[in-house]
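Engineer:
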Amino acid sequence: MTLQDLNQQSPYGTFLEHCKKGELAYQFCRDDGKAVFYPRVAAPGSGSTNLEWRVSKGLGTVYATTVVYYKDEKPLNVALIDLDEGFRMMSRVEDIDALEVKIGMRVKVRIHPGDEKQPPYPVFSPLLPEEGSPPSDSHRTGGRSGTSPLHPGERGGGEGRGGGGGRRT
Amino acid sequence: MSLKRGSVAVVGAAESDLGQVAQHTSPVDLMAQATLRALDDCGLKLADIDGVFSAATQVRTAPMTLAEYLRIKPRYFDGTAIGGSSFMSHVAHAQAAIEHGLCEVALVAYGSTQRSVSRAAASPREFNPYETPYRPFMPSSAYAMAASRHMHQHGTTREQLAEVAVAARKWALLNPKAWEKEPLTIEQVLKARMVSYPLTVRDCCLVVDGGGAIILTSAARAKTLKKKPVYVLGVGESLSHANISSMPDLTVTAAAESGPKAYLMAKLKASDVNMLSLYDAFTITPILFLEDLGFCPKGEGGRFVMNGAIAPGGKLPVNTSGGGLSYCHPGMYGLLVMIEAVRQVRGECDKRQVKNCEVALAHGNGGVLSSQCTVIFGGPSTI
Numbered sequence: 027m028t029l030q031d032l033n034q035q036s037p038y039g040t041f042l043e044h045c046k047k048g049e050l051a052y053q054f055c056r057d058d059g060k061a062v063f064y065p066r067v068a069a070p071g072s073g074s075t076n077l078e079w080r081v082s083k084g085l086g087t088v089y090a091t092t093v094v095y096y097k098d099e100k101p102l103n104v105a106l107i108d109l110d111e112g113f114r115m116m117s118r119v120e121d122i123d124a125l126e127v128k129i130g131m132r133v134k135v136r137i138h139p140g141d142e143k144q145p146p147y148p149v150f151s152p153l154l155p156e157e158g159s160p161p162s163d164s165h166r167t168g169g170r171s172g173t174s175p176l177h178p179g180e181r182g183g184g185e186g187r188g189g190g191g192g193r194r195t
Numbered sequence: 038m039s040l041k042r043g044s045v046a047v048v049g050a051a052e053s054d055l056g057q058v059a060q061h062t063s064p065v066d067l068m069a070q071a072t073l074r075a076l077d078d079c080g081l082k083l084a085d086i087d088g089v090f091s092a093a094t095q096v097r098t099a100p101m102t103l104a105e106y107l108r109i110k111p112r113y114f115d116g117t118a119i120g121g122s123s124f125m126s127h128v129a130h131a132q133a134a135i136e137h138g139l140c141e142v143a144l145v146a147y148g149s150t151q152r153s154v155s156r157a158a159a160s161p162r163e164f165n166p167y168e169t170p171y172r173p174f175m176p177s178s179a180y181a182m183a184a185s186r187h188m189h190q191h192g193t194t195r196e197q198l199a200e201v202a203v204a205a206r207k208w209a210l211l212n213p214k215a216w217e218k219e220p221l222t223i224e225q226v227l228k229a230r231m232v233s234y235p236l237t238v239r240d241c242c243l244v245v246d247g248g249g250a251i252i253l254t255s256a257a258r259a260k261t262l263k264k265k266p267v268y269v270l271g272v273g274e275s276l277s278h279a280n281i282s283s284m285p286d287l288t289v290t291a292a293a294e295s296g297p298k299a300y301l302m303a304k305l306k307a308s309d310v311n312m313l314s315l316y317d318a319f320t321i322t323p324i325l326f327l328e329d330l331g332f333c334p335k336g337e338g339g340r341f342v343m344n345g346a347i348a349p350g351g352k353l354p355v356n357t358s359g360g361g362l363s364y365c366h367p368g369m370y371g372l373l374v375m376i377e378a379v380r381q382v383r384g385e386c387d388k389r390q391v392k393n394c395e396v397a398l399a400h401g402n403g404g405v406l407s408s409q410c411t412v413i414f415g416g417p418s419t420i
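Residue numbers (the working numbering), protein chains in the order written: chain A, 27 to 195; chain B, 38 to 420.
1. Skipping 5 residues on each side, what residues in its chain have a beta carbon closer than 8 Å to that of alanine 292 (chain B)?
2. Short check: CB of alanine 124 (chain A) to CB of serine 185 (chain B), under 8 Å?
3. What does tyrosine 95 (chain A) touch in chain B if you count any residue whose Cβ is under 9 Å from its own?
4. Let me make sure I understand the geometry here. Which of B:Gly296, B:Val145 and B:Thr102 has the alpha-carbon closest to that of glycine 271 (chain B)?
5. How big is the Cα-Cα spacing for leucine 458 (chain B) and glycine 43 (chain B)?
6. Does lysine 110 (chain B) pass the burial test, meaning 16 or more other C-beta atoms within 10 Å, or should it be called exposed?
7. Give the secondary structure of arginine 132 (chain A) by DSSP, where H, G and I count as helix, E and B as strand, and everything else as coil.
8. Could you give the first and the last residue of the continuous alpha helix (DSSP H) run that contains tyrosine 38 (chain A)?
9. Can you name the residues of chain A whose CB is closer than 7 Å to the CB of serine 282 (chain B)?
10. For serine 74 (chain A), which residues from the same chain have a beta carbon less than 6 Å from its beta carbon, with the 5 sequence-adjacent residues on both sides left out?
11. Please determine, among B:Gly247, B:Thr288 and B:Val232, the residue with the shortest C-alpha to C-alpha distance to aspartate 98 (chain A).
12. Who does leucine 253 (chain B) pair with in a DSSP beta bridge?
13. Nearest to alanine 75 (chain B) by CA position, among B:Ala346, B:Arg97, B:Val238 and B:Val379, is which residue?
14. Give the secondary structure of asparagine 344 (chain B) by DSSP, where H, G and I count as helix, E and B as strand, and everything else as coil.
15. Closer than 8 Å, CB to CB, is proline 166 (chain B) near chain A or not?
16. Could you work out which residues of chain B lie near isoleucine 129 (chain A), taking near to mean beta carbons separated by less than 8 Å?
17. At a CB-CB cut-off below 7 Å, which residues of chain B make contact with tyrosine 147 (chain A)?
18. List, in order along the chain, the chain A residues whose C-beta lies closer than 8 Å to that of serine 178 (chain B)?
19. Could you pull out every unbroken beta strand (DSSP E) segment of at least 3 residues lying fully inside the region 235-309 of chain B, listed in chain order?
20. Using a cut-off of 7 Å between C-beta atoms, extract the partners of leucine 125 (chain A) located in chain B.
21. Just the Cα atoms here: how many angstroms apart are alanine 229 (chain B) and threonine 237 (chain B)?
22. Which residue's Cα is closest to the Cα of glycine 138 (chain B): B:Gly248, B:Ser255 and B:Ile251?
23. Hey, is the region 276-291 of chain B in contact with the region 301-319 of chain B, meaning 3+ C-beta pairs nearer than 8 Å?
24. Would serine 126 (chain B) and methionine 369 (chain B) be called neighbours here (beta carbons separated by less than 8 Å)?
25. Count the other CB atoms, across all protein chains shown, that sit within 10 Å of the CB of leucine 29 (chain A); report buried if there are 16 or more and exposed otherwise.
26. Does any CB atom of chain A fall closer than 8 Å to the CB of alanine 292 (chain B)?
27. If you run the structure through DSSP and keep just helix, strand and coil, what is tyrosine 106 (chain B)?
28. For methionine 182 (chain B), which residues in chain A fall below 8 Å Cβ to Cβ?
29. Scan the region 51-69 of chain A for residues whose Cβ lies nearer than 7 Å to a Cβ of chain B and list them as they occur along the chain.
30. Can you grab the Cα-Cα spacing for the pair lysine 264 (chain B) / glutamate 105 (chain B), in whole Å?
31. Specify whether the region 77-88 of chain A and the region 45-53 of chain A touch according to this definition: at least 3 beta carbon pairs, one from each stretch, less than 8 Å apart.
32. DSSP on isoleucine 413 (chain B), reduced to helix/strand/coil?
33. So glutamine 144 (chain A) contacts chain B; which residues on that side make the cut at Cβ distance below 8 Å?
34. Do we get a CB-CB distance below 8 Å when we pair leucine 227 (chain B) with the residues of chain A?
35. Taking the alpha carbon of arginine 258 (chain B) as the reference point, which residue from B:Ala346, B:Ile119, B:Leu81 and B:Lys214 has its own alpha carbon closest?
36. Which chain A residues sit within Cβ distance under 9 Å of leucine 276 (chain B)?
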């Protein structure tokens, strides 16, 4: 077993290095073929350290959404996004009115540059219909809207879902 | 080995002063005040306490700090901190400790001055590099996302969420200790200031000061004390995640695990419960818990609460104190959730008393739907 050397690099540190290159990175467990997110020193549940970093294609679907009303600010979207590779993350959908972000909406990642206090981080924008459809194995689990590719509770992907989505780094 | 139905009982229960406390009052002042009241409630003395259970966002070492303040030297202590349901866990752990003779008289206590010092100061959020950059207004935004998902999957409406707040307010108007004193309509809930869509400020719990204490002892000793014992018939605890982005399904909580555990131990089912005390941090939470604890099918919670179903005179009494939405919500509300259930079983609730209340279910929620703990209380007829 080879555990990550935390004196050298942290899981978030690696994630951040990818963000700086404009990439959304996640881990992939070679043992069970499942995506792991947020990044960890070992796969949750199994404790496997047989993890590799992959770069997501950045295509996903809005799983849940809210709009935060901070005083004297324009409404702010916060959403949970299910990535096609089989992991979920918090983010926000930009380039659209915050209240128009709907569950089931297809979205695509880009890396927000951040500022002095906040390092770069992934955000999403709506995907035009021709830019990418949900993974082909998920049509059977469509939600109420007919556009949601993930069934509630069904995440993390199986062999077929997690395997081909990203590229190795 | 499992815990024994009815092996311990709540013998003392009391709130501290609630609402807005005097400047410089500490959370431990509130814990101690509630403890003395709970001791008076059962006739035990400070020196009788040999087990201390506590958690508080403003007191990192709550059992230790409270023991110092009261100068008690507990044989057993537990500072399990899993958010608002910590105190249901404490009851379960106190039961285990009492059954095993590790202590005999257990104190569970809580206090918060979050209104006085501000919520941000009382409960600073932990930094999470995968969530904090998006600036969710936590915990409200997590519950708002759960509501968004429930609305999407099950057709739940904002009006149905508002029904929960209106029912709580109607109960609160029957409780002299409740913070809110004015009636509330569905329209007012819907038109209130939006916090995190779809939740307005009236869909969110109060931010007030307060605390409480309960005292438990063995069933045998409980029978010798002032008031009729309120037996712990069943307990169940479950954790499903810590951060909302790691919750497996935002429409199904771990109450679907803690509830069945508690029912199994109590040898009871949902239809045996006379009154429910459900942690209502937000209007979506009682809807989720009614489903997950077996009072209606999954997805039907919104429709279940319509037309005053959980309000006074409705088909199921829920949160008769007025709940975290209208009575009191001092940061971690679980202890007060149990105090109301205990009082209902004792028959101490005056205008809001549920008739023939022999079985009351108290359900605690912590974090962002993260920890779920259920305690079923019963009167002497249940033993």
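Think of the CB as a built atom: it goes at the ideal place given N, C-alpha and C, for glycine as much as any other residue.
Structural biologist: In short:
1. Ser275, Leu325, Phe326, Asp329, Leu330, His400, Asn402, Gln409 and Thr411
2. Not a contact, by the Cβ cut-off of 8 Å.
3. Phe174, Arg230, Met231, Val232, Ser233 and Tyr234
4. B:Gly296
5. Because chain B in this structure spans residues 38 to 420, residue 458 (chain B) falls outside the shown range and cannot be described.
6. exposed
7. strand
8. 37-46
9. Residues of chain A passing the Cβ test: Leu106, Arg114, Met115 and Met116.
10. Cys55 and Asp57
11. B:Val232
12. Bridge partners of leucine 253 (chain B): B:Val47 and B:Ala143.
13. B:Val379
14. helix
15. For proline 166 (chain B), the closest Cβ of chain A is nearer than 8 Å.
16. Simply Ser185, Arg186 and His189.
17. Pro170
18. Thr92, Val94 and Val104
19. 247-255 and 267-276
20. Correct list: Tyr234.
21. One C-alpha to the other measures close to 6 Å.
22. It is B:Ser255 whose Cα lies nearest to the Cα of glycine 138 (chain B).
23. no
24. no
25. exposed
26. no
27. helix
28. Ala90, Thr91, Thr92, Val104, Ala105 and Leu106
29. Tyr64
30. 29 Å
31. yes
32. strand
33. The contacting residues are Pro170.
34. no
35. B:Leu81
36. The premise fails here: leucine 276 (chain B) is roughly 13 Å from chain A at the closest Cβ pair, so nothing lies under 9 Å.
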